[in-house]
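So the structure is just underneath, and the comments pick up after that.
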Amino acid sequence: MACIDNDLDWNAEPMAIDLAEPNTYQTACGKGYWECAANEPSSITLANAGFFYSPFEQGGGSNDILEQS
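Residue 180 in the working numbering is what sits at position 25 of the sequence shown, and the numbering runs on without skipping anything.
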């Protein structure tokens, strides 16, 4: 399945979706991929279940958990 918006160079095929349980997770800047901006948190806490949407086999998942709830 390809993106319908022709202005974007993006394809949905290599993307993965995974369940995110309520917990505290590191963000990309929290992992050190870049320095967190003043308005960019190093972690987020999910009060309810959610999902990870990331490049296939490249991010999101239980390895991002900072602390068990």
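Just so it is clear, CB atoms sit at the ideal spot from N, CA and C, and this is done for glycine as well.
Note that this is a predicted model, so its numbers are computed, not measured.
Output yes or no for whether 8 Å exceeds the beta carbon distance between Tyr180 and Ser197.
Ser197 sits away from Tyr180, with the two beta carbons spaced by 8 Å or more.
Taking the straight line between their C-alpha atoms, what separation do you get for Phe206 and Ala171?
Cα to Cα, Phe206 sits roughly 10 Å from Ala171.
By how many angstroms is the C-alpha of Tyr188 removed from the C-alpha of Ala204?
About 25 Å.
So, for Glu176: in the same chain, excluding its five sequence neighbours on each side, which residues have a beta-carbon less than 7 Å away from its beta-carbon?
For Glu176, where only same-chain residues beyond five positions count, the Cβ hits under 7 Å are Ala204.
Distance, Thr182 Cα to Asn194 Cα
Answer to the nearest angstrom: the Cα atoms are 13 Å apart.
Check for me: the beta strand (DSSP E) holding Tyr180 runs from which residue to which?
Counting along the chain, the beta strand (DSSP E) containing Tyr180 begins and ends at Thr179 to Gln181.
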